[in-house]
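Encoded as structure tokens, the structure appears first; notes follow it.
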Amino acid sequence: MNGVLIPHTPIAVDFWSLRRAGTARLFFLSHMHSDHTVGLSSTWARPLYCSPITAHLLHRQLQVSKQWIRALEVGESHVLPLDEIGRETMTVTLIDANHCPGSVMFLFEGYFGTILYTGDFRYIPSMLKEPALMLGKQIHTLYLDNTNCNPDLVLPSRQEAAHQIVQLIQKHPQHNIKIGLYSLGKESLLEQLALKFRTWVVLSPQRLELVQLLGLADVFTVDEKAGRIHAVDHMEICNSTMLHWNQTHPTIAILPTSRKIHRSHPDIHIIPYSDHSSYSELRAFVAALKPCQVVPIVSRQPCGEYFQDSLSPRLCMPLIPDSVQQYMSSSSRKPSFLWLLERRLKRRRTQGVVFESPEKNADQSQAYRNSNQAKKWKLSSWPGDLKKQPCYHPLKIKKQLFPNLCSKEWNGAVSFCESQKKVTVPTAPLGFSVHLRSIEEKFICPKTREDIGLEPPLVLRGDGPATTGNQSAWVGHGSPLSHSKATPRLATEFRSLALKYLLTPVNFFQAGYSSRSFDQQVEKYLKPLLKYRQESIE
């Protein structure tokens with residue numbers, strides 16, 4: 112990864128790891144090569160500054176949202192705030208880096224002095240004629256592309272390297288030409304070859320879209336058979352593909368790069384055509400600017416000793432303004448209020464289940480229950496007048512809330528409370544009379560029950576005419592209760608416990624009636640019963 116966090120500033124260039132970005136708040140992208148976009152993806156959600164061409168590619172290739180991309184015109188100076196109140200600002204100027212489409216150098220000017228970040232660039236003397244550089248400004252820190260900063264590596268100019276490629280193609284007039292390239296860069300070389308040999312250059316659809324954006328000559332196509340020069344991915348240039356291509360038509364491959372690459376086939380030709388500055392060009396560039404210090408962008412290749420004779424005296428670093436310090440120390444993960452509001456307004460509303468209030472449809476529900484009363488199993492009423500009773504949360508039970516707590520006849524569907532809406536429960540077996548209170552009421556402790564004036568809890572009674580006949584159906588075939596004649600009280604209590612469990616609302620069950628306590632009570636009721644059965648068998 113080739114990116115930097117500029118010390119004592121909120122500036123980060125080609126650096127996309129927010130976890131390690133620390134105090135960085137302003138993010139800049141020099142160009143779209145993959146080694147400068149590590150960590151940058153569609154999830155990026157902070158303002159990002161770059162050239163217009165890079166902005167287009169960034170959205171198309173990495174799907175970064177347009178709302179975060181800030182395209183700055185090349186060759187112009189732009190004022191950006193360095194704090195949240197606009198008290199401190201800086202000027203940034205974008206300069207063409209002569210590397211690939213959209214690549215730029217950044218010239219930062221502010222309280223920190225003047226900083227030039229070259230990114231990847233190929234130096235040409237006309238760069239020094241840029242208005243931002245020809246005013247005699249003192250460059251305090253130069254972040255330099257040191258890819259080819261090696262005195263032993265001698266590179267030709269791009270014009271000389273292009274001439275070598277032309278000569279090679281001329282030696283193979285009947286061959287197809289495969290030129291291995293990265294996804295971005297050297298489009299001008301392809302245009303030059305097409306015009307020289309009067310042939311179409313075959314590109315992928317993605318690259319064709321790019322050259323159309325750049326406004327190059329109309330010499331490109333996607334038709335495989337239209338021309339003899341084909342631009343392919345550099346990874347395709349290998350021994351197996353060369354064998355395959357030469358089976359159908361004589362083919363040579365050209366890799367225009369300054370990197371050392373092993374030739375896996377005799378028809379693969381490596382030409383030192385580079386988009387990075389050579390050592391001699393770097394020396395000329397630094398000597399012209401005379402910066403106070405040079406910082407290599409490729410950290411694994413130190414190069415400071417090569418430019419000591421071209422440096423100006425170093426200056427003391429000025430203090431960071433208080434407003435900038437506050438801006439840098441503020442949480443980068445905390446979005447602004449306006450952004451949060453905008454995101455909330457754009458957020459899709461979650462669709463859910465809409466419940467109707469039981470009180471609103473009380474009349475309709477009552478009429479429906481009355482009409483179906485005859486169709487239900489008949490339940491014998493508990494002695495005394497039965498009155499309607501509201502539902503209360505077990506944690507909010509107070510004496511003043513229970514003025515008319517009474518029983519409620521079981522009608523098959525029970526409406527517990529407004530927050531729980533409607534809860535449907537199975538109908539009781541024929542022959543059992545039920546006194547149905549609010550489920551929460553049945554779990555009130557005796558002391559509280561006495562304070563609020565509630566009657567003791569009521570249970571199912573088997574005094575109906577069909578009790579005996581339906582006993583096995585309620586308990587279940589094969590259940591110990593279906594064979595027990597001497598323990599009607601145990602059977603009744605067990606049925607009450609089961610019904611209590613079935614009728615308990617889920618939220619109350621989870622809050623105050625755990626499965627463990629239920630199992631303990633079941634065991635408590637079953638233990639004497641099982642003991643009785645064992646004694647009767649013996």
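In my numbering, the protein residues as written are 112 to 649.
Yeah, the Cβ is synthetic: ideal placement off N, Cα and C, and Gly gets one too.
Residue i Cβ short of 7 Å to the ligand ZN heavy atom set
| i | result |
| --- | --- |
| W127 | Absent from the structure shown: the ligand ZN. Ligands present: none. |
Helix, strand or coil at residue i [DSSP, three-state]
| i | result |
| --- | --- |
| M353 | helix |
| P361 | coil |
| H380 | strand |
| G291 | strand |
| Q285 | coil |
| T332 | strand |
| F308 | helix |
| A146 | It should be noted that the sequence gives Asp, not Ala, for residue 146. Here D146 sits in helix by DSSP. |
| I180 | strand |
| T200 | strand |
| L137 | strand |
| H119 | coil |
| H167 | helix |
| V277 | helix |
| H210 | coil |
| L300 | helix |
| S423 | coil |
| H341 | strand |
| P432 | coil |
| S440 | helix |
| P367 | strand |
C-beta contact flag for residue i and residue j at 8 Å
| i | j | result |
| --- | --- | --- |
| K289 | V343 | yes |
| P212 | A182 | no |
| M353 | I379 | yes |
| I235 | P402 | no |
| R130 | S434 | no |
| F308 | I280 | yes |
| I206 | M216 | yes |
| I348 | A305 | no |
| F219 | H119 | no |
| D231 | H142 | yes |
| D386 | G296 | yes |
| P383 | P284 | no |
| S388 | N259 | yes |
| T165 | S188 | no |
| V312 | L321 | no |
| N209 | R171 | no |
| H345 | L324 | no |
Same chain, Cβ closer than 8 Å to residue i, neighbours up to 5 away in sequence not counted
| i | result |
| --- | --- |
| T200 | V190, L191, P192, L193 and G221 |
| V115 | A123, V124, D125, F126, Y228, Y254, V406 and I408 |
| V175 | L151, S152, S153, W155, L159 and L169 |
| T362 | H286, N287, I288, K289, M353, W356 and D378 |
| P121 | T134, A135, R136, L137, L193, V435, Y438 and M439 |
Nonlocal neighbours in the same chain, by C-beta distance under 7 Å from residue i, ignoring five residues either side
| i | result |
| --- | --- |
| N113 | D125, D146, H147, I408 and V409 |
| Q303 | A273 |
Close beta carbons around residue i, own chain, < 6 Å, minus the five adjacent residues each side
| i | result |
| --- | --- |
| H144 | none |
| C414 | N257, C260 and P407 |
| S128 | G150 |
Using 8 Å as the threshold, is the segment 267-276 in touch with the segment 239-257, meaning 3 or more CB pairs across them? no
Three Cβ pairs or more, each shorter than 8 Å: is that satisfied between the segment 149-169 and the segment 252-268? no
Can you check the segment 218-269 for any beta strand (DSSP E) of at least 3 residues that lies completely inside it and give the ranges in chain order? 224-228 and 252-255
Do three or more CB pairs link the segment 420-440 to the segment 315-323 at distances below 8 Å? no
Measuring CB atoms only, is the segment 345-362 touching the segment 286-306, in the sense that at least three cross pairs come out at less than 8 Å? yes
In chain order, each alpha helix (DSSP H) run of at least 4 residues that lies wholly inside the segment 377-420: 390-400
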